[in-house]
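Numbering-wise (this note's numbering), the sequence shown opens with residue -16 and increments by one. Working notes, beginning with the structure itself.
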Amino acid sequence: MAELIRTKADGSIGFGDYTLFEKTKLSDFEFNGDVYKCKTFRELTRLEKNDMFVYESTPGTSVENLKCEGNKVTFQVEGEGTTQITLGLEDDTEYEITLNGKSLGKMATNMGGKLSVSVDLESGVAQEVVIERK
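Have a look at this one:
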C-alpha cells in the first residue's frame, strides 16, 4: 500500500489512494510545522490540516504535489470517473479554475469558504488543477 500522506522536498504533499476498498486513516502526520489527517478509499478522500478542512473528493482520489502558495492552489489528481472535488479556501472569494491548462471559468466560494468543482478522471492519468484567487 502507498503511503497515505507523502511529502516532497519542494514543500508539496501527496495524499489519498482511490484504489483502496476499505476506509483507511492516518492522523497526526507532521510536516513543516503542521499536523495533517487523511481518510481515503474508493468512495472518498479527505485531507485536514491542523483540524481544518482542506480537500475532499467523491469518489476517492490520489493527489500529488499539492501546494498552497499565496493566491494559488495547485495539484495533480487521479481517480476514476466523474469526481466532485471540494476545497477549503477563503470565504466569499472568487477563483479562476484551470484543468490541464484550460480554463473552466470563475467560481466563488460560499460563506464557509468551500469551492466545489466536478472533473472527469481516468485511472492512471493525472490531471493538473490550478485554482487562483482573482
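Ideal placement from N, C-alpha and C gives every residue a C-beta, glycine not left out. Predicted, not measured: the structure shown is a model, and the values here were computed from it.
Within 10 Å of its beta-carbon, does residue i have 16 or more other beta-carbons around it, so buried, or fewer, so exposed?
i: Glu105; result: exposed
i: Met(-16); result: Here Met(-16) scores only 42 on pLDDT, less than 50, and its place in the model is too uncertain to base an answer on.
i: Val112; result: buried
i: Val18; result: exposed
i: Lys20; result: buried
i: Lys22; result: buried
i: Leu(-14); result: In the sequence as displayed, the identity of residue -14 is Glu instead of Leu. When all chains shown are included, Glu(-14) counts as exposed.
Just curious, the beta strand (DSSP E) that residue i is in, first and last residue?
i: Glu(-14); result: Glu(-14) -> no beta strand (DSSP E), and no H or E assigned at all.
i: Tyr78; result: 77 to 82
i: Lys89; result: 85 to 91
i: Lys6; result: Per DSSP, Lys6 belongs to no beta strand (DSSP E) and is neither H nor E.
i: Leu98; result: 97 to 104
i: Val112; result: 110 to 116
i: Leu70; result: 64 to 71
Is there at least one non-hydrogen atom of the ligand ATP closer than 7 Å to the beta-carbon of residue i?
i: Asp11; result: The ligand ATP is not part of the structure shown, which contains no ligands of any sort.
By DSSP's criteria, residue i is part of a beta bridge. Which residues make up the other side?
i: Thr(-3); result: Going by the sequence as given, residue -3 is Gly instead of Thr. Partner(s): Arg(-11).
i: Thr57; result: Lys50, Val113
Enumerate, from N- to C-terminal direction, the unbroken alpha helix (DSSP H) stretches of 4 or more residues contained entirely within the region 18 to 54.
-> none
Can at least three beta-carbon pairs, one atom from the region 1 to 11 and one from the region 33 to 47, be found at a separation below 8 Å?
-> yes
Contact the region 68 to 76 vs the region 93 to 100: 3+ CB pairs below 8 Å | yes
Touching or not, the region 21 to 33 and the region 74 to 91, by the rule of three or more beta carbon pairs under 8 Å?
-> no
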